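Protein chains in written order, with this note's numbering: chain X, 1 to 546; chain E, 1001 to 1445. Encoded as structure tokens, the structure appears first; notes follow it.
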């Protein structure tokens, strides 16, 4: 195959080689749960095995092309494959934990649901894509080691700002073509180069991400150590260091995994209030933080996308809070919740109506959590009435801002679509009118608008097709799932949100789906995280032709 | 004063003609025939050559010149000429440009390109369009004394509120002076008994409020209303700036431009306007877009003929007023005769601005009326001025005949000049003088 001139196919060896490089370096973050396992005196086998595996496979792939040279197509292929490979390798610690290494290290938790390969892959893909949908049956330190549960958190943190962005930031061999790689991976249409060198931009973004994560961990744990503020015992944060770190690692990537089965509901109101602004920050375009920190704080408030994002949260919160406060927000006969029993539901149904603080807190928390695609739960919103569930389902399509760690369609696309529709209405009355669609005062290129429409349409098509296939599959295995549940499961995985409704609700899990259903959702998460195009492009014959 | 004018087009000639009485004027022109013509028409020295060449400039004597005016039709030539002059002499340089980008650059430092004073044709023209549109029935408006005083010229149309009245009858405005009536070629200084006739042009000087009130009295019918809807035909730079200035005044703008790419650019640059991509002489289109509902239509196409056509079509569709840009000076009268309400020549506007600047001397501000039939001059009263401490009646007696005191501002407040008003040191006096006595007036004050 010729390296210069016209090459007849995609230089897949170059792509694979770079995938290998990223994979090899994945051994480094694996040291974190290894250290945690050592600290808590747990088995280290899951991480030792995975480190050896990534190092071996990574090095082998890297050898395929000693001097990889990537173009646009190689970039797309590399990004798509990286996420697939990372998810595959990331599943290994779950499998090793459940099965052990025969003769050397006995299984730590033999009954774990993660012992099944499709479950392990689902959990790993859900982690790296920051979806936060789980198949774990019992989330507790009895059923899993702290090391493996921390790995689960860490996959989200690595996936949030993007493995490829991280690779561009630290691997000099990716400095050329880095912009294409980041464009393929970063959420939203196009990337904003903050500095002349793309690696520098990637470092800025990761720096902001790391800084905010550390700030959140410090606040969560600091408040816990400082004790209840103002001598009000009800405000005690009640969060140990392990949980502060674990939630710090999953808030900023808008991940949603929690090592607690009851998610954020397990913690005090203070913790919930602290987490809300960090979820909002995670759904904000990180480039805006850079502008704010480099002496341009106005850019944040002038940014139309951010204003629409906050506006959408505000409107949804007002609706939800009003209904919760008025007592109209709950189904009259709440379904008995499998894990916590009916007394729990009776309790929340009785305490929230008429009480402003919890009504506002749960409304804001849930809306922010869903819109930013974090997927935390401060309450089991399964008990909410259908209108509120549909409001949340609607929120699952909004997503965060472009350049944030949030998933789904992204605020900017909806905003541009609305403005374009308004333009179309105007030009119906004035057929000769020339009207550019503006974003932040700047006219948008018509091609960019077409791209936004194409993406959003494709997203909705995938949602409907996915729902149909998943629903047919559940009918096949006599699951008895409702259409709303199937819709929410597809919206939650395609949008990297996490929890849906019904059995896949915030206190439930995705484990009851068939293996085929889970694999479908693994693909949806993968496609959703990379915003469809890189994955689908690699699947077209045209991509592989000259 | 020795003045070198580079470029003898309409602008250069007009400036040279205004300056040649009291100054030594040298004109540099590339076209030898044009040089020949000018030598006979004006009392100036013509040099045949390129204004950007050092030899030609030296031949024209720029080393001893006080002022060099670069007024060719080409922006870059004017800029380079001024830069070259600055490199070899100390003369004050004035450049005429069309492109507003150059003006922006120059304004950053006020010395960019070695230019001491820059006039931008497109912007000045747009500004005068907007000033005229701001006053119903006005055909010329100029601000004085930092905007406290306005000079305006109106045409008295049939059915106008003051037609047939005497000046004392029409004088219902507390801070307004009737400076002159232009009747054909004649400049009439009105007395109380002078009757205002149809087709007269009347020059008034007063506070902006009273000028505005007078404007709506003069205007007849629809034109009396405030302008809220404007149509601009042609997305030239002038059209663009008019749209931009209208946007600033909250006038809703529709801009018609035929070229798709240019229309897109304009739509991007003018967020507050509706840009329509069409031929502005397509009657069906104009009807469909209800162009007739507009209060004013501005013709800013590149072709004079198309502007005329667009304005006449608009009139027929019911547009209140039409203002047209006219490239060719001789057409101005023709346009206004056949029904265009106001015709504005960019060249005349820029020539006036340059002349105004060069003639100021003792005066703070000068406006030329009707291609220099008369002048309106603003002066600040110095302690040694013959006007200081005198009443208006005494002052008028000591000045050439037919000079009219239009307005006085004292510490920024407007004072209506009456016979017994005493002029104080520091006052700004705005006076009207027919062309033949303007020179003498300036010299005396």
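Backbone N, C-alpha and C fix where the C-beta goes; we use that ideal spot for every residue, glycine too. Keep in mind it's a predicted model, so treat the numbers as computed, not measured.
- With contacts defined by Cβ atoms closer than 8 angstroms, residue 1242 of chain E and residue 1257 of chain E do not form a contacting pair.
- Taking every protein chain shown into account, the CB of residue 476 of chain X has fewer than 16 other CB atoms within 10 angstroms, so this residue is exposed.
- Against chain E, the CB of residue 421 of chain X has no partner CB under 8 angstroms away; the residue lies outside that interface.
- With fewer than 16 other beta carbons inside 10 angstroms of its own, residue 1090 of chain E counts as exposed.
- Residue 375 of chain X and residue 253 of chain X have their C-alpha atoms roughly 11 angstroms apart.
- Residue-level contact by beta carbon holds for residue 433 of chain X and chain E, with a gap shorter than 8 angstroms.
- Selection X:385, X:395 and X:132 evaluated against residue 258 of chain X yields X:132 as nearest (Cα-Cα).
- The beta carbon of residue 75 of chain X is closer than 7 angstroms to those of 177, 180, 181 and 184 in its chain, skipping five residues each way along the sequence.
- A residue is called buried once 16 or more other Cβ atoms fall within 10 Å of its Cβ, and residue 1010 of chain E is buried on that count.
- Any Cβ of chain X closer than 8 angstroms to the Cβ of residue 1443 of chain E would place that residue at the interface, and such an atom is absent.
- Comparing alpha carbon positions, the residue from E:1364, E:1122, E:1279 and E:1135 closest to residue 1428 of chain E is E:1364.
- When Cβ-Cβ separations below 8 angstroms define contact, residue 430 of chain X makes contact with chain E.
- Distances from the CA of residue 160 of chain X to each of X:107, X:83, X:532 and X:196 were compared; the closest alpha carbon is that of X:83.
- Membership of residue 1346 of chain E in the alpha helix (DSSP H) is indicated by the continuous run 1346 to 1359.
- With a threshold of 8 angstroms between beta carbons, residue 1267 of chain E makes contact with chain X.
- Looking at the DSSP output, residue 1324 of chain E sits in a beta bridge with E:1299 and E:1343.
- Against chain E, the beta carbon of residue 447 of chain X has no neighbour under 7 angstroms; the closest one sits roughly 13 angstroms away.
- Taking 7 angstroms as the cut-off between beta carbons, the residues of the stretch 1248 to 1267 of chain E near chain X are 1263, 1264 and 1267, in sequence order.
- DSSP places residue 1048 of chain E inside the beta strand (DSSP E), whose first and last residues are 1045 to 1048.
- Going by beta carbons, residue 1065 of chain E and residue 1034 of chain E fall outside the 8 angstroms limit.
- Within chain X, 438 and 441 have C-beta atoms less than 8 angstroms from the C-beta of residue 1271 of chain E, given in sequence order.
- Under the three-pair Cβ rule at 8 angstroms, the stretch 38 to 46 of chain X counts as touching the stretch 91 to 102 of chain X.
- Here residue 1050 of chain E has 1030 and 1056 as same chain residues with Cβ atoms under 7 angstroms from its own Cβ, once five neighbours each way along the sequence are excluded.
- Taking every protein chain shown into account, the CB of residue 1197 of chain E has fewer than 16 other CB atoms within 10 angstroms, so this residue is exposed.
- Contact between the stretch 1148 to 1168 of chain E and the stretch 1202 to 1209 of chain E is present, with at least three C-beta pairs closer than 8 angstroms.
- From the listed residues X:421, X:485, X:393 and X:422, the smallest Cα separation to residue 408 of chain X is found for X:393.
- Among the residues of chain X, those whose CB is under 8 angstroms from the CB of residue 1276 of chain E are 430, 432, 433 and 434, following chain order.
- Around the beta carbon of residue 145 of chain X, a 10 Å sphere encloses 16 or more other beta carbons of the protein chains shown; the residue is thus reported as buried.
- Secondary structure at residue 1365 of chain E: strand, using DSSP grouped into helix, strand and coil.
- Using a Cβ-Cβ cut-off of 8 angstroms, residue 1289 of chain E counts as an interface residue toward chain X, since at least one Cβ of chain X sits closer than that to its own.
- Contact check between the stretch 289 to 300 of chain X and the stretch 157 to 174 of chain X: fewer than three CB pairs, one atom from each, fall below 8 angstroms, which does not count as touching.
- Using a Cβ-Cβ distance cut-off of 8 angstroms, the stretch 499 to 514 of chain X and the stretch 457 to 469 of chain X are not in contact, since fewer than three pairs of beta carbons, one from each stretch, lie closer than that value.
- With respect to chain X, the C-beta atom of residue 1285 of chain E has a partner C-beta closer than 8 angstroms.
- Here residue 1378 of chain E is buried. Its C-beta has 16 or more other C-beta atoms within 10 Å.
- In the DSSP assignment, residue 49 of chain X falls within the unbroken alpha helix (DSSP H) covering 45 to 62.
- In this chain, residue 400 of chain X is not harboured by any alpha helix (DSSP H), its DSSP state being neither H nor E.
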